[in-house]
Each structure stands twice: as structure tokens, then as C-alpha cells.
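Undergrad: Numbering (the working numbering), first residue to last: 1372 to 1560.
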């Protein structure tokens, strides 16, 4: 079952979203020890004004276990989310100079941006990612299109997105990784 995440879900969401952060070599993950990183990010997951807030997450729950998570938001909110994050990190870890890692924007103002989608490794290949896309139209209304970035090395994900009707609009370098920015019209969801 797919549902909107709640604050009570953050402990179950964290290990899933961590998979993506680790894969993309998220700068804060390199700059903090593992325990400090976890405490910091759990705080951010609970923060209603953060990009990775539970408020921007939907979870796939099976037998009372969260096995998948999707993060997304209005593209126009990305700058505000990033500034909120940088202000928090600057206040708690000023020595990190986190703003030096600012990169290109991930989203566009006129799209609903699918930031992250991850499924627990034991449940991959069972249609869970596709199930998230099946309910996406309800999640993203009233936007005209959905955008996402797909790492160029992840051919399996790219094939899934293309099968679901997404097309590559351009290539982007984000935090030292090359991505395809892909979009799909809401009317074709």
C-alpha cells in the first residue's frame, strides 16, 4: 500500500534514503562521521520545512514494513529547501563550509520534481517502483509535468522511466555525477 509518510515513519525511511545518499556520494556523508550524519539527517527528515521532510515523502508499506520511499516536491520550492538546509548545516557545523558544494539545480520551477525513489533491495523487481508511478498523477496534480534525474550509469532505471513515458530533455552534472534530466507530461500519466 502506498501512503503519505508520517513523522513516525522517519526511522524506517532513513535506511532507504541513505542508499541514495551513499550512492551519489552526498557531500555531508563524507564530511561527518556516520553517527553524526544519521542524527543530523533524522532531524532533517523530521523538519517540516526540509527537502527531505517526511512531508515530501510517500511510502510503500507491506505487512507493516516500509519497503519503498518516494520523495518529491514542486520544483519552484527547491531553492527554498536548499537554503533552509544550508542555513541549518551552517548553524550546526560552520566549519564544513557546506555551501561550497552547491551544485546545479535539480528541478525546474514549472514541474513537480521526483527527487528520489528507492525500494529495499529484497523487494526490487516486484513492481513497487511502477506502483509509485501508478499513483503519481494523484500526487502531482495540478502540475503539468513531472521531472526527474536519472544517473547515466543506471541503465535499468532509465529503461523503466522510458517505459513509463519519460523522455530525456538534457544532461546535467550534479555533485560530480552525470544525470539525464527526464520529463513526462501529467496528461500522459
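For every residue, glycine included, the Cβ atom is placed at its ideal position computed from N, Cα and C.
Is residue 1541 buried or exposed, if buried means 16 or more other CB atoms sit within 10 Å of its CB?
TA: exposed
Undergrad: Give every residue of the same chain whose Cβ lies closer than 6 Å to the Cβ of residue 1432, excluding the five residues on either side of it in the sequence, and list them in chain order.
TA: Only 1372 meet the Cβ criterion.
Undergrad: Among 1557, 1532 and 1523, which residue has its Cα nearest to the Cα of residue 1547?
TA: 1523
Undergrad: Whole angstroms is fine: what's the gap from residue 1442's alpha carbon to residue 1466's?
TA: Residue 1442 and residue 1466: Cα-Cα distance of roughly 29 Å.
Undergrad: Do residue 1503 and residue 1439 have their beta-carbon atoms positioned less than 8 Å apart in this structure?
TA: Taking 8 Å as the Cβ cut-off, residue 1439 and residue 1503 qualify as a contacting pair.
Undergrad: Hey, out of 1477, 1387, 1402 and 1450, whose CA is closest to residue 1554's CA?
TA: 1477
Undergrad: So, residue 1515 versus residue 1481, is the Cβ gap smaller than 8 Å?
TA: yes
Undergrad: Restricting to Cα atoms, I'd like to know which of 1538, 1402 and 1379 is closest to residue 1468.
TA: 1402
Undergrad: Please classify residue 1404 as buried or exposed, where buried requires at least 16 other C-beta atoms within 10 Å of its C-beta.
TA: exposed
Undergrad: Would you please verify whether the beta carbon of residue 1489 is less than 8 Å from any beta carbon of chain C?
TA: You won't find chain C in this structure, because it holds only one protein chain.
Undergrad: Of the choices 1453, 1488 and 1485, whose alpha-carbon is the least far from that of residue 1471?
TA: 1453
Undergrad: In the structure shown, what three-state DSSP assignment does residue 1520 receive?
TA: strand
Undergrad: Residue 1518: which of 1552, 1499 and 1399 sits nearest, CA to CA?
TA: For the residues 1552, 1499 and 1399, the minimum Cα distance to residue 1518 belongs to 1552.
Undergrad: Output the boundary residues of the beta strand (DSSP E) element that contains residue 1538.
TA: 1538-1545
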